[in-house]
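Remarks on the structure that follows.
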Amino acid sequence: MQTKRSLPLLVVLVGLVLLLGLSFGGAAAEKPVKIGIAQIVEHPALNAVRDAVMEVVKENGYEEGKDVEFLLRNAQGDFNNALSIAQTFKSQGVDIVVPIATPTAQAAAEVFSETPIVVSAVTNLVEAGLVDDYSNYENPGNNGNITGVTDMTPVEKQIKLITNLRSGVEKIGIVYNPGEANSRYLNSIAEEVASDMGIEIVKATANKTSEVKLAADSLKGRVDAIWISTDNTVVSALPAVAGVARSENIPLVTADPTTIQDGPVAAFGWSYARHGRICGEVVVRVLQGEKPNEIPIHELEQTEENISMALNLNVASEINLEFPDSVQKQADRLFFGDRLWVPEE
Amino acid sequence: MSLLINSLEQGLVYGLMALGVLITFRVLDFPDLTVDGSFPMGAGITASLLVIGWNPVLAIVLGIVGGVLAGTLTGVLSTKLSILNLLAGILTMTLLYSVNLRIMGRPNIPLIGRVTLIDQVDKLIEPLGLGRYSTLLFFAVLVLSVKLLLDLFFNTEVGLALRATGDNEQMIKAQGVNTDSMKILGLAISNGLVALSGGLVAQYSGFADVGMGIGTIIAGLASVIIGETLLPTKSFRWMTTAVIVGSLIYRTTIMVALRYGHNFGFKSSDLKLITSMIVILALAVPQVRGKIDLRFGEET
């Protein structure tokens with residue numbers, strides 16, 4: 312009986328082993344360069360990065376299927392899959408790894424010690440243990456094979472924007488997920504900047520999107536404005552925060568201009584599509600033969616071209632806020648009525 | 024080939040977690056959701072201590088202690104406060120999220136380039152000339168030892184009483200066994216194993232993240248059920264074997280899905296669909312086979 316029952320087990324085992332064994336063979340000459348893109352979770356910002364990277368590579372004359380092959384993998388929120396993705400990339404002989412967000416980048420760094428890794432959507436590569444510091448790429452765990460683009464956002468300018476929009480702001484509220492490494496880091500910067508300006512930061516935590524509304528509610532009556540960083544959890548539930556800000560007649564400022572339709576009065580920073588494009592440019596440089604340790608880790612340049620200021624006129628009129636001239640001049644996207652306007656030069 | 028080695032490594036290291044789930048779900052008949060919190064707890068404690076320069080073995084042992092405490096808490100909530108089993112686990116799991124953030128001091132601790140237990144063992148057995156098989160051997164020996172220890176323990180007097188608590192609580196109570204203590208003990212052992220698994224996974228994948236517990240219980244249950252479907256048995260020794268086999272199959276399916284899903288026209292967003300389908304397929308095999316046998320029997 313025991314042997315009879317274990318027959319299906321044997322069939323399944325042999326099948327799986329055969330499938331994996333196949334990964335052994337193959338590898339003919341003159342194959343396209345394999346670019347493995349590892350994403351941690353489905354998220355509009357991260358999807359935008361992924362699409363932009365592919366776009367830029369193709370724009371630079373690399374034909375998909377002929378010159379380059381994109382291997383797209385998504386851990387679908389399961390951190391343990393991040394390692395599995397890196398390991399399958401290795402077995403498939405991926406030539407360039409493009410991890411999007413911290414866990415996939417760390418898993419890639421653990422698995423690949425020679426293959427170039429171009430990291431994106433990580434705010435601080437040093438905190439993430441990917442490199443020792445931005446000037447010295449030699450990390451004990453890698454051989455200078457890691458470079459990338461940080462999505463560090465201009466926190467100070469965002470806090471100053473808030474004080475520009477409303478005078479007499481004494482307390483700024485932040486809703487964030489304490490489980491997100493990037494948020495923790497950005498908050499620490501915000502606190503530093505604010506304390507220099509004599510402003511108090513009031514924090515409210517939300518561990519998941521369903522808790523964002525509650526966290527925002529807890530700020531009612533306690534703050535004069537709300538600031539949201541690039542926190543993935545909170546950005547996913549931004550309308551909940553925007554609702555609280557409107558009902559309290561206080562300005563909500565976010566770091567991602569693509570969120571302007573979700574209800575902040577102003578958003579200032581770069582879009583993740585732009586971030587992805589810069590990352591794509593780094594991938595192209597690696598394709599052209601540059602070594603990762605020769606490409607400085609880009610802190611997205613805070614130039615006019617990269618940064619965008621989006622204003623929401625609907626919300627502004629609702630909370631009786633008038634944009635100062637300097638802010639209006641800087642704006643390159645206006646949301647008014649139900650349309651997004653791009654002002655003419 | 025390297026992919027097969029990686030799959031086996033993963034199957035073994037997560038197999039420890041699956042063994043923990045076996046103890047609660049099957050032996051104690053206690054649906055324990057603590058594991059989604061005790062897994063990152065083991066990872067978090069181990070990583071935090073490694074970063075401040077602790078010996079990897081001690082770091083892992085302290086991780087296990089964390090898991091044992093977490094399991095004990097769930098046990099106490101369930102037995103002493105009479106909180107519904109499912110809820111007791113959920114409560115502990117939920118509070119562990121904040122506790123883990125406290126322990127780690129940050130949401131994510133990188134271990135890339137740190138000397139881990141795996142590196143130390145690799146170095147130790149280097150003279151054997153195993154090359155890339157050394158991690159696999161280490162995990163295999165470790166998991167086998169844990170399995171044998173469990174087999175031994177569950178045949179001692181206490182171990183048998185623990186199993187009886189899950190089988191027939193009233194009967195064993197009548198024998199004068201304190202079933203509350205048995206439950207707490209079982210949960211403590213279970214979550215200790217889960218934390219051990221978490222501590223090893225952190226070192227194996229190069230980071231500990233407070234979010235890495237999500238889905239632990241699902242993977243654990245899948246391993247237990249795949250194992251017992253393919254290797255149905257009543258003997259504890261075979262149950263532990265089956266669970267490890269189940270874990271190997273589960274991790275291999277994820278690798279297969281990641282590696283070959285694309286060839287069959289699946290998109291990256293289909294990952295969870297493919298892994299679930301492979302698991303369903305594995306579970307369907309014995310069913311289909313049973314049907315064929317039956318028909319065959321009727322004809323003759």
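From first to last, the protein sequence lines stand for chains W and E. Heads up: the first sequence runs through residues 312 to 656, numbered per this note's numbering. Heads up: the second sequence runs through residues 24 to 323, numbered per this note's numbering. Ideal Cβ positions, reconstructed from N, Cα and C, are used throughout, including at glycine. Owing to the predicted nature of the structure, the values given are computational and were not obtained by experimental measurement.
Problem - 7 Å Cβ shell around valine 480/W - same chain, five flanking residues per side excluded - result: Answer for valine 480/W: Ile473, Thr474, Ile510, Asp535, Ala536, listed in chain order.
Practice task
My understanding is that glycine 16/E touches arginine 274/E, with C-beta atoms under 8 Å, so please give their C-beta distance in whole angstroms.
Solution key: Residue 16/E cannot be examined here, being either before or after the span of chain E that is shown, 24 to 323.
Exercise for the section: Could you list which residues in chain E have their beta carbon closer than 7 Å to that of glutamate 421/W, in chain order? Expected result: Within chain E, the residues near glutamate 421/W are Ile135, Ser228, Gly229.
Practice task
Say whether chain E places a C-beta atom closer than 7 Å to the C-beta of threonine 413/W.
Solution key: Taking Cβ atoms only, chain E reaches closer than 7 Å to threonine 413/W, which makes this a yes.
Exercise for the section: For leucine 394/W, decide whether its Cβ has a neighbour in chain E, counting only Cβ atoms nearer than 7 Å. Expected result: Judged by the 7 Å Cβ criterion, leucine 394/W is in contact with chain E.
Practice task
Taking isoleucine 399/W as the query, report the chain E residues whose CB atoms sit under 7 Å from its CB, ordered along the chain.
Solution key: The question names isoleucine, but residue 399/W in the sequence shown is threonine. Under the 7 Å cutoff, chain E gives Leu26, Met278, Leu281, Arg282.
Practice task
Ignoring anything shorter than 4 residues or poking outside the stretch 139 to 176 of chain E, list the alpha helix (DSSP H) runs there in chain order.
Solution key: List check, alpha helix (DSSP H) in window: 140 to 147, 157 to 176.
Problem - Supposed contact pair leucine 119/E and glycine 60/E - C-beta distance, whole angstroms, cut 8 Å - result: Between leucine 119/E and glycine 60/E the Cβ distance is about 3 Å, and since that is below 8 Å, they are a contact.
Problem - Proximity to valine 657/W [Cα-Cα], best of Asn392/W, Ile485/W, Phe390/W - result: The structure shown has nothing for residue 657/W, since chain W only spans 312 to 656.
Handout entry: Collapsed DSSP secondary structure at threonine 239/E in the structure displayed
Key = Threonine 239/E falls in the helix class under three-state DSSP.
Handout entry: Proximity of proline 414/W and alanine 393/W at Cβ, strictly below 7 Å
Key = A distance below 7 Å separates the beta carbons of proline 414/W and alanine 393/W.
Exercise for the section: Give the DSSP-derived three-state secondary structure of phenylalanine 646/W in the structure shown. Expected result: Three-state DSSP puts phenylalanine 646/W in a strand.
Problem - Contact between the stretch 580 to 589 of chain W and the stretch 356 to 366 of chain W (3+ Cβ pairs under 8 Å) - result: Contact between the stretch 580 to 589 of chain W and the stretch 356 to 366 of chain W is present: 3 or more CB-CB pairs across the two stretches fall below 8 Å.
Exercise for the section: Can you pull the chain W residues whose beta carbon is under 7 Å from the beta carbon of proline 130/E, in chain order? Expected result: Pro489, Gly490, Glu491, Ala492, Arg495, listed in chain order.
Exercise for the section: For the alpha helix (DSSP H) containing proline 63/E, list its first residue and its last residue. Expected result: Segment 58 to 74, the alpha helix (DSSP H) holding proline 63/E.
Exercise for the section: Measure the Cβ-Cβ separation of valine 594/W and valine 429/W and say whether it is below 7 Å. Expected result: Yes. Within cutoff.
Handout entry: Rounded C-alpha distance that separates valine 181/E from leucine 219/E
Key = Approximately 22 Å between the Cα atoms of the pair.
Problem - Assumed close pair glycine 347/W, valine 405/W - CB separation to whole angstroms, cut-off 8 Å - result: Correct: roughly 4 Å between the Cβ atoms.
Practice task
Let me know the secondary structure DSSP gives aspartate 507/W once reduced to three states.
Solution key: Here aspartate 507/W sits in helix by DSSP.
Exercise for the section: Determine which residues of the stretch 142 to 173 of chain E have a Cβ less than 9 Å from any Cβ of chain W, and write them out in chain order. Expected result: In summary, no residue of the stretch 142 to 173 of chain E has a CB separated from any CB of chain W by less than 9 Å.
Problem - Cutoff 7 Å: serine 499/W Cβ touching any chain E Cβ - result: Cβ-Cβ to chain E under 7 Å: no for serine 499/W.
Exercise for the section: Closer than 8 Å, Cβ to Cβ, to anything on chain E: give me those residues from the stretch 337 to 363 of chain W, in chain order. Expected result: Per Cβ criterion, the list reads Gln350, Glu353.
Problem - tryptophan 538/W (DSSP reduced to helix, strand or coil) - result: Note: tryptophan 538/W maps to strand in three-state DSSP.
Problem - Beta-bridge pairing of valine 409/W - partner residues as DSSP gives them - result: Beta-bridge partners of valine 409/W (DSSP): Ile348/W.
Problem - Reduced DSSP secondary structure (H/G/I, E/B, other) of proline 465/W - result: If DSSP states are grouped into helix, strand and coil, proline 465/W belongs with coil.
Practice task
Return the residues of the stretch 282 to 302 of chain E that lie within a Cβ-Cβ distance of less than 8 Å from chain W, sorted by chain order.
Solution key: Contacts with chain W (Cβ-Cβ distance below 8 Å) from the stretch 282 to 302 of chain E involve Arg282, Tyr283, His285, Lys290, Ser291, Ser292, Leu294, Lys295, listed in chain order.
Handout entry: Proximity of asparagine 214/E and glycine 94/E at Cβ, strictly below 7 Å
Key = By the CB criterion at 7 Å, asparagine 214/E and glycine 94/E fall inside the cutoff.
Practice task
Would you kindly check if the distance between the Cβ of valine 523/W and the Cβ of alanine 691/W is under 7 Å?
Solution key: Summary: the structure shown does not reach residue 691/W, with chain W confined to residues 312 through 656, and so no result is reported for it.
Exercise for the section: On a CA-only basis, which of Trp581/W, Asn358/W, Glu559/W, Pro635/W is nearest glutamate 629/W? Give me that one, please. Expected result: Of Trp581/W, Asn358/W, Glu559/W, Pro635/W, the smallest CA-CA separation from glutamate 629/W is found for Glu559/W.
Handout entry: contact_flag[the stretch 192 to 209 of chain E, the stretch 97 to 117 of chain E] where n(CB pairs < 8 Å) is 3 or more
Key = Per the Cβ contact rule, the stretch 192 to 209 of chain E is in contact with the stretch 97 to 117 of chain E (3 or more Cβ pairs under 8 Å).
Practice task
Taking only the alpha-carbon atoms, compute the straight-line gap between isoleucine 212/E and leucine 56/E and give it to the nearest angstrom.
Solution key: When rounded, the separation of the alpha-carbon atoms in isoleucine 212/E and leucine 56/E is 14 Å.
Handout entry: Euclidean distance between Cα positions of alanine 397/W and isoleucine 512/W
Key = Cα to Cα, alanine 397/W sits roughly 39 Å from isoleucine 512/W.
Practice task
Please work out which residues of its chain come closer than 6 Å, Cβ to Cβ, to phenylalanine 335/W, disregarding the five sequence neighbours upstream and downstream, and give them in chain order.
Solution key: Caution applies to phenylalanine 335/W, whose pLDDT of 47 falls short of 50 and renders its modelled position unreliable; the model cannot decide the point.
Practice task
Have a look at Pro150/E, Ser246/E, Ile303/E and flag the residue whose alpha-carbon is nearest the alpha-carbon of leucine 45/E.
Solution key: Check the Cα spacing between leucine 45/E and each of Pro150/E, Ser246/E, Ile303/E: the tightest is with Ser246/E.
Problem - Counterpart residues of glutamate 375/W in DSSP-defined beta bridges - result: Val379/W, per the DSSP bridge assignment.
Practice task
Could you tell me if asparagine 286/E is buried or exposed, where buried requires 16 or more neighbouring beta carbons within 10 angstroms of its beta carbon?
Solution key: So asparagine 286/E counts as exposed.
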